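In this text, residue positions in the sequence shown follow the numbering used here: the first is 10, and each later residue adds one. A short write-up of the structure that comes next.
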Amino acid sequence: MSAGRPEGRYGEAVFPPGRAGEGERIDFGALAYDEVTMARLRALGAGPGWSCLDVGAGTGTVAGRLLDEAGVESVLAVDRDVRFLAARPGLEVLRADVTGPDLLPGRRFRLVHARFVLMHLPERERIVAELAEHVEPGGVLVLSDAVDLTSDRGPDTPYTDAMRAMWAGLRTTIGTDVSRTPSYPRWLRAAGLVPVAAEMHVPPLVPGSPISRFWADTWERGRAAMVGTGLVDDAAVDAAVRYLESPECAALSAGMLTAWGWKPRDAPAG
């Protein structure tokens with residue numbers, strides 16, 4: 010590995026979709042965040058007549074709820090691996106890499122949405138600008154990613170030790186970087202979207218909750234990368250999982266920052 014460059018990519022070096030239980034891990038994250046995501050998308054107007062692009066669609070929970078609950082006209086669900094997605098009326102499935110050239114030449118959507126995608130990718134500012142090109146005039150681009158709340162000033166607990174090791178290990182192995190998530194509103198504005206706004210949601214860490222189970226599963230799948238940092242060992246990871254399920258747990262989960270920006274109605278159609 011060359012200095013400063015990750016060894017692999019999400020879904021390859023870590024979190025391969027073919028590993029047993031990976032779809033369930035993704036769904037635990039969906040259970041923790043889907044209600045907030047859908048509330049925001051519907052507040053922005055997603056509904057009948059809207060065409061939508063869902064980038065990094067995962068197991069398709071947001072795409073399905075846009076159709077079933079918001080009543081949008083259509084959703085194009087895009088992912089590098091589509092094994093968890095199945096086409097249905099109103100839902101088109103496309104296997105594609107958002108980092109590649111000409112993702113969807115000439116196609117525009119009223120809503121373009123990406124959640125927990127950009128944080129794992131290089132050149133994310135460029136990708137924000139390219140996603141903005143797929144928003145039709147009068148449409149909206151919505152981006153959600155993690156914000157780390159386990160800073161060096163926080164208390165040292167089994168949980169914070171594990172989270173710090175996780176972020177460090179994922180950055181080394183697949184390039185995950187949540188430190189720039191707060192830049193999303195500025196990047197949206199630089200892409201010509203106006204107005205822009207943002208909000209953050211932090212789900213509660215309580216024993217047995219979807220987010221607690223998500224982190225436990227994520228640490229298990231990222232264990233090698235975490236231990237490889239030298240910040241934790243296997244025993245420390247096991248202790249962190251036990252801490253999550255203990256009444257002694259007193260910690261903040263990673264937050265989800267959601268930022269959005271509108272394409273002016275008088276913008277060129279592309």
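Positions of the beta carbon are idealized from the N, C-alpha and C atoms, including for glycine. Keep in mind the model is a prediction, meaning the values are calculated, not measured.
Quiz item: Where DSSP assigns a beta bridge to Y19, which residues make up the other side?
Solution: The residue given as residue 19 occupies position 10 in the sequence shown. Its beta-bridge partners are V23.
Self-check item: Distance CB(P57)-CB(E82) smaller than 8 Å
Solution: Residue mapping note: residue 57 aligns to position 48 of the sequence shown, counting from 1. Residue mapping note: residue 82 aligns to position 73 of the sequence shown, counting from 1. Result yes, Cβ atoms of P57 and E82 sit closer than 8 Å.
Quiz item: Could you give the distance in angstroms between the alpha-carbon of A276 and the alpha-carbon of P146?
Solution: Within the sequence shown, numbered from 1, the residue matching residue 276 stands at position 267. Within the sequence shown, numbered from 1, the residue matching residue 146 stands at position 137. If you take the alpha carbons of A276 and P146, they lie about 6 Å apart.
Practice problem: Give the secondary structure of E78 by DSSP, where H, G and I count as helix, E and B as strand, and everything else as coil. | Solution: Position 69 of the sequence shown holds residue 78. DSSP places E78 in helix when its eight states are reduced to three.
Quiz prompt | G109 beta carbon less than 8 Å from that of L76 | solution = Stepping through the sequence shown from its first residue, residue 76 is reached at position 67. Stepping through the sequence shown from its first residue, residue 109 is reached at position 100. Contact flag unset, no.
Quiz prompt | Cα-Cα separation between K272 and S218, rounded to whole angstroms | solution = Stepping through the sequence shown from its first residue, residue 272 is reached at position 263. Stepping through the sequence shown from its first residue, residue 218 is reached at position 209. Distance between the alpha carbons of K272 and S218: 37 Å.
Quiz item: What's the C-alpha gap between P25 and E31?
Solution: Numbered from its first residue, the sequence shown carries residue 25 at position 16. Numbered from its first residue, the sequence shown carries residue 31 at position 22. Distance between the alpha carbons of P25 and E31: 7 Å.
Quiz item: Is it buried or exposed for D243, if we count other Cβ within 10 angstroms and need 16 for buried?
Solution: The residue you call residue 243 lines up with position 234 of the sequence shown. Answer is exposed; the Cβ neighbour count stays below 16.
Self-check item: Other residues of its chain near L150: CB distance less than 7 Å, five sequence neighbours each side excluded
Solution: In the sequence shown, counting from the first residue as 1, residue 150 sits at position 141. Excluding positions up to five away in sequence, the list reads V121, L140, A141, V144, L197, L202, W269, G270.
Quiz item: F93 by DSSP, collapsed to three states: which one?
Solution: Working through the sequence shown from its first residue, we reach residue 93 at position 84. Coil, per DSSP.
Quiz item: Closest to R74 by CA distance: which of Y42, F223, P167 is it?
Solution: By 1-based counting over the sequence shown, the position of residue 74 is 65. Closest option to R74, Cα to Cα, is Y42.
Self-check item: L127 vs D154 beta-carbon contact at 8 Å
Solution: Within the sequence shown, residue 127 is the residue found at index 118, counting from 1. Within the sequence shown, residue 154 is the residue found at index 145, counting from 1. Result yes, Cβ atoms of L127 and D154 sit closer than 8 Å.
Quiz item: So what's A12 in DSSP terms, helix, strand or just coil?
Solution: For the purposes of this step, residue 12 is taken as the residue at position 3 of the sequence shown. In this prediction, A12 scores a pLDDT of 41, lower than 50, which makes its location untrustworthy; no coordinate-derived value is stated.
Self-check item: Neighbourhood of E208 by C-beta, 6 Å cutoff - its chain only, sequence neighbours within 5 removed
Solution: Here residue 208 refers to the residue found at position 199 when the sequence shown is read from its first residue. T267.
Exercise. Return helix, strand or coil for L152, following the three-state DSSP convention.
Key: Counting from one through the sequence shown, the residue named residue 152 turns up at place 143. Three-state result, L152: strand.
Quiz prompt | Span of the beta strand (DSSP E), counted from its first residue to its last, around M209 | solution = The residue labelled residue 209 in the question sits at position 200 within the sequence shown. Note, M209: beta strand (DSSP E), 205-210.
Self-check item: Cα-Cα separation, R119 to A52
Solution: As a working note, residue 119 is residue 110 in the sequence shown. As a working note, residue 52 is residue 43 in the sequence shown. Approximately 14 Å between the Cα atoms of the pair.
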